[in-house]
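Okay, so here's the structure we're looking at.
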Amino acid sequence: MNLRGILVLLVSVGLAWLAMVAANRWMEGRLASAKVEVVDVVAAAADIPFGTQIDATLIKMVGLPAAALPEKVFRDPQQVIGRVAATTLFKGEPLIEGRVVEHLGGSALAAVVPEGKRAITVRVNDVIGVAGFMLPGNRVDLISIKGGSGGARTETMLRNLKVLAVDQTASQDKNDPVLVRAVTLQVDPNQAEEIAEATNEGKVQFTLRNPMEDNREAPPTVAETEQEESVQPPPAPPAVASNQAKAPYEPETVLVIRRLHKQREFTGLDFARDAELRR
Numbered sequence: 530m531n532l533r534g535i536l537v538l539l540v541s542v543g544l545a546w547l548a549m550v551a552a553n554r555w556m557e558g559r560l561a562s563a564k565v566e567v568v569d570v571v572a573a574a575a576d577i578p579f580g581t582q583i584d585a586t587l588i589k590m591v592g593l594p595a596a597a598l599p600e601k602v603f604r605d606p607q608q609v610i611g612r613v614a615a616t617t618l619f620k621g622e623p624l625i626e627g628r629v630v631e632h633l634g635g636s637a638l639a640a641v642v643p644e645g646k647r648a649i650t651v652r653v654n655d656v657i658g659v660a661g662f663m664l665p666g667n668r669v670d671l672i673s674i675k676g677g678s679g680g681a682r683t684e685t686m687l688r689n690l691k692v693l694a695v696d697q698t699a700s701q702d703k704n705d706p707v708l709v710r711a712v713t714l715q716v717d718p719n720q721a722e723e724i725a726e727a728t729n730e731g732k733v734q735f736t737l738r739n740p741m742e743d744n745r746e747a748p749p750t751v752a753e754t755e756q757e758e759s760v761q762p763p764p765a766p767p768a769v770a771s772n773q774a775k776a777p778y779e780p781e782t783v784l785v786i787r788r789l790h791k792q793r794e795f796t797g798l799d800f801a802r803d804a805e806l807r808r
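Be aware that the sequence shown starts at 530, since it is given in the working numbering, and climbs by one per residue.
Have a look at this one:
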């Protein structure tokens, strides 16, 4: 091999090495510019049932890409401790405003009642409470039953009511039926008055709704069983005036002959009858 060939080979190897170095640096620059920024946020360390007041043992910090952060997510654990879960939270779920609400005192359940709403408790038994299958988070309709067995009146008075708690339990992580004595519902002030009136005047019955059912309100329905009505005889037909004129009354008389003259005289009974008719 001559000297010229050796020089060409060395130059080719040098150029290849320079190209490789340049490509490697270019790739490193691209990766550095594409590096994902990670932000630490507060997440649930375990499943947190609805209505539970959150403490430090129930939360942890996790890293999420900054570009994928949910709105109003908490980044400071101190902002979450003491709040109440407004719905069931699952392990690893980032905690955001609205799913955990501020606790301003009183029971934890009061903190999850939205502004403008009320919580009212209705006494139930195993039948009224849908055999124990009514659990917190379910949606129900309320039927009012008024009157006795002879004239019962039923009406679907309220629809799509949210169950906040059964007895003193607000947890939604149960599937087995539980016999309860009281159910707490989320209603507005007017609905609370209607429920109080219905429970005072008669009985109420719950019907369980499918959670996937359309939540639009339907007009109340009314059903009556053997409604008592006063039965009166039909009115008598009006008297029809007779077209025949009554014959004039002729009192009884006695023929008296005095000498050559005839004379009619009324009897005493006839005078009384004639006077009665002339009145």
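Glycine included, every Cβ here is placed at the ideal spot set by N, Cα and C.
With contacts defined as CB atoms closer than 8 Å, residue 609 and residue 588 qualify as a contacting pair. Distance check between residue 727 and each of 742, 672, 712, 574 places 672 closest, using alpha-carbon atoms only.
CA-to-CA, the gap between residue 716 and residue 722 works out to about 10 Å. With distances taken between CA atoms, residue 685 lies nearest to 732 out of 732, 693, 647, 712.
Under a 10 Å Cβ-count criterion, residue 617 is classified as buried, with 16 or more other Cβ atoms of the shown protein chains found around its own Cβ. For residue 541, the three-state secondary structure derived from DSSP is helix. Counting along the chain, residue 594 sits inside no alpha helix (DSSP H); it lies in the beta strand (DSSP E) bounded by residues 588-594.
Assignment of beta-bridge partners to residue 648 by DSSP yields 715. If you draw a 10 Å sphere on the C-beta of residue 694, you find 16 or more other C-beta atoms in it, and that means buried.
For residue 724, the three-state secondary structure derived from DSSP is helix.
About 16 Å separates the beta carbons of residue 669 and residue 579, which is beyond the 8 Å limit, so they are not a contact pair. When the five nearest sequence neighbours on each side are left out, the beta carbons in the same chain lying within less than 6 Å of the beta carbon of residue 601 are those of 625, 626, in order along the chain. Residue 614 carries a strand assignment under DSSP once its states are collapsed to helix, strand and coil.
Nearest to residue 739 by alpha-carbon distance, out of 718, 696, 663, is 663. Nearest Cα to residue 631 within the set 621, 614, 620: 614.
The alpha-carbon of residue 557 is positioned some 56 Å away from that of residue 691. In the three-state reduction of the DSSP assignment, residue 664 falls in the coil class, being assigned neither a helical nor a strand state.
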